[in-house]
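Undergrad: Position one of the sequence shown corresponds to residue 107 (this note's numbering), numbered consecutively onward. Ideal Cβ placement from N, Cα and C applies to all residues, glycine included. All figures in this text were calculated on a predicted structure; none of them were measured in a lab. Once you've had a glance at the structure underneath, I'll fire off some questions.
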Amino acid sequence: MTDLRAVAEIVDTAAKTAQSIEQLSLSGHDLNLDEAYAVQALSIGRRVARGERMVGIKMGFTSRAKMIQMGLDEMIWGRLTDAMRLEDGATLDMANYVHPRVEPEIAYILKKPLSGTVTLAEALAAVEAVAPAVEIIDSRYRNFKFNLADVVADNSSSSSFVLGAMHSPDIDASNLGMTLSIDGRVVQTGSSSAILGNPARSLAAASRLAGEAGLELKPGWIIMAGGATAAEALTPGTSITLDVEHLGKVNFKTKG
Ligand code: OOG
Ligand code: MG
């Protein structure tokens, strides 16, 4: 029997020290999906014990582009803590990451709890604000390679995120143009509709999947809908901007 606490320590330490590790599935820890989510919960428990606070969840593999890039086709989710949030315009120190990548996303901020299976309308009725967002993912596994259980145990590659300006949920975010640029050069273009046809569907899925794990989405929480395009690798000394139609820009820099 695998000691899930010991595995949680392995992934948490890798994230904390930005040291890559071998895939769990290749190093004697072939977890099933339930065990992988249990490891995720235990590793976030270690962060909470160090003083971090849970502030939401992120969805993964909610667009075809992301599924194709990573070779996996099942939706996953991960936990976000306050320590993962970077301010708009912040500078990210690459030394704190193994091999970070950036993704163009949409974020929802909740005003009401959400749990279990909900309709799209019920999900949207719980939203306080919608914002353009970038996620900085960073797999702790060597070469950014993993199977589904590996990535889930590694908190679904959650690493950092940046939110742009908050907007009224009355804005229809189902089909907004998204442009990701690095140093002013466009590297990814897409639409929010690439996220399950409408990112609000990802919010409803977050409620359902978290509910299956006994977790309720709480007022004030941030729900990241998942990358609308493939992720782009970060390099030092660059400026990254996401521009979302009607929602505006989000920017951060990497230390040179
Ligand atoms: C897993 C995380 C996927 C997304 O937005 O699809 C994700 C990974 O690709 O490393 O965050
Ligand atoms: Mg993401």
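Within the continuous alpha helix (DSSP H) that includes Met165, where are the two ends?
TA: Counted from its first residue, the sequence shown places residue 165 at position 59. Met165 -> not in any alpha helix (DSSP H); beta strand (DSSP E) instead, spanning 160 to 166.
Undergrad: Counting only runs that start and end within the segment 214 to 302, where is the beta strand (DSSP E) found for 3 or more residues in a row?
TA: The segment 214 to 302 contains these whole beta strand (DSSP E) runs: 233 to 243, 264 to 269, 283 to 288, 291 to 297.
Undergrad: Which residue comes first and which comes last in the beta strand (DSSP E) that contains Asp109?
TA: Along the sequence shown, one-based indexing puts residue 109 at 3. No beta strand (DSSP E) contains Asp109, which DSSP labels as neither H nor E.
Undergrad: Taking 7 Å as the cut-off, does the CB of Gly166 come closer than this to any heavy atom belonging to the ligand MG?
TA: As a first step, residue 166 is located in the sequence shown; it is residue number 60 there, counting from the start. Yes, the Cβ of Gly166 comes within 7 Å of a heavy atom of the ligand MG.
Undergrad: Can you look up Pro305 in the DSSP assignment and give me helix, strand or coil?
TA: The residue given as residue 305 occupies position 199 in the sequence shown. DSSP places Pro305 in helix when its eight states are reduced to three.
Undergrad: When you compare each of Ser131, Leu315, Asp118 to Thr108 by their alpha carbons, which one comes out closest?
TA: As a position in the sequence shown, residue 108 is number 2, starting the count at 1. Nearest of Ser131, Leu315, Asp118 to Thr108, Cα basis: Ser131.
Undergrad: To the nearest whole angstrom, what separates the beta carbons of Gly332 and Ser308, a pair I think is in contact under 8 Å?
TA: As a working note, residue 332 is residue 226 in the sequence shown. As a working note, residue 308 is residue 202 in the sequence shown. Indeed they touch by this definition, with Cβ atoms about 6 Å apart.
Undergrad: Under 8 Å: do the segment 119 to 127 and the segment 241 to 260 share three or more Cβ pairs, one atom per stretch?
TA: yes
Undergrad: Counting C-beta neighbours from all protein chains within 10 Å, is the total for Lys361 16 or more, i.e. buried, or is it exposed?
TA: Taking the first residue of the sequence shown as 1, we reach residue 361 at position 255. With fewer than 16 Cβ atoms within 10 Å of its Cβ, Lys361 is classed as exposed.
Undergrad: Give me whichever residues DSSP pairs with Asn357 in a beta bridge.
TA: Against the sequence shown, residue 357 aligns to sequence position 251. Paired residue(s): Thr347.
Undergrad: Hey, out of Tyr214, Leu226, Ala227, Ala255, whose CA is closest to Ala235's CA?
TA: For this step, residue 235 is matched to residue 129 along the sequence shown. Cα-wise, what sits closest to Ala235 is Tyr214.
Undergrad: Going by the C-beta, is Ile102 closer than 7 Å to any heavy atom of the ligand MG?
TA: In the structure as shown, the chain starts at 107 and stops at 362, and residue 102 therefore has no counterpart that could be examined.
Undergrad: Within the present structure, is the beta-carbon of Glu211 separated from the nearest heavy atom of the ligand MG by less than 7 Å?
TA: Here residue 211 refers to the residue found at position 105 when the sequence shown is read from its first residue. At least one heavy atom of the ligand MG is nearer than 7 Å to the Cβ of Glu211, so yes.
Undergrad: Classify Val208 as helix, strand or coil using the three-state DSSP reduction.
TA: Taking the sequence shown and counting its residues from 1, the one referred to as residue 208 is at position 102. Val208 falls in the strand class under three-state DSSP.
Undergrad: Measuring CB to CB, does Ala196 end up less than 8 Å from Ala306?
TA: Translated into the one-based positions of the sequence shown, residue 196 becomes position 90. Translated into the one-based positions of the sequence shown, residue 306 becomes position 200. Not a contact, by the Cβ cut-off of 8 Å.
Undergrad: Pop quiz: Ile212 and Ser298 are said to be a contact at Cβ under 8 Å. What is the actual Cβ separation, rounded to whole angstroms?
TA: In the sequence shown, the residue the question calls residue 212 occupies position 106. In the sequence shown, the residue the question calls residue 298 occupies position 192. Indeed they touch by this definition, with Cβ atoms about 5 Å apart.
Undergrad: Indicate the three-state DSSP secondary structure (helix, strand or coil) for Arg156 in the structure shown.
TA: In the sequence shown, residue 156 corresponds to position 50, counting from 1. Looking at Arg156 - three-state DSSP - the assignment turns out to be coil, as it is neither helix nor strand.
Undergrad: If I follow the unbroken beta strand (DSSP E) through Ile182, where does it start and stop?
TA: As a working mapping, residue 182 is identified with position 76 in the sequence shown. Here the beta strand (DSSP E) through Ile182 covers 182 to 187.
Undergrad: Compute the distance between the beta-carbons of Met54 and Val240, then report whether it is under 8 Å.
TA: Residue 54 lies beyond the stretch modelled for the chain, which goes from 107 to 362, so this question has no answer here.
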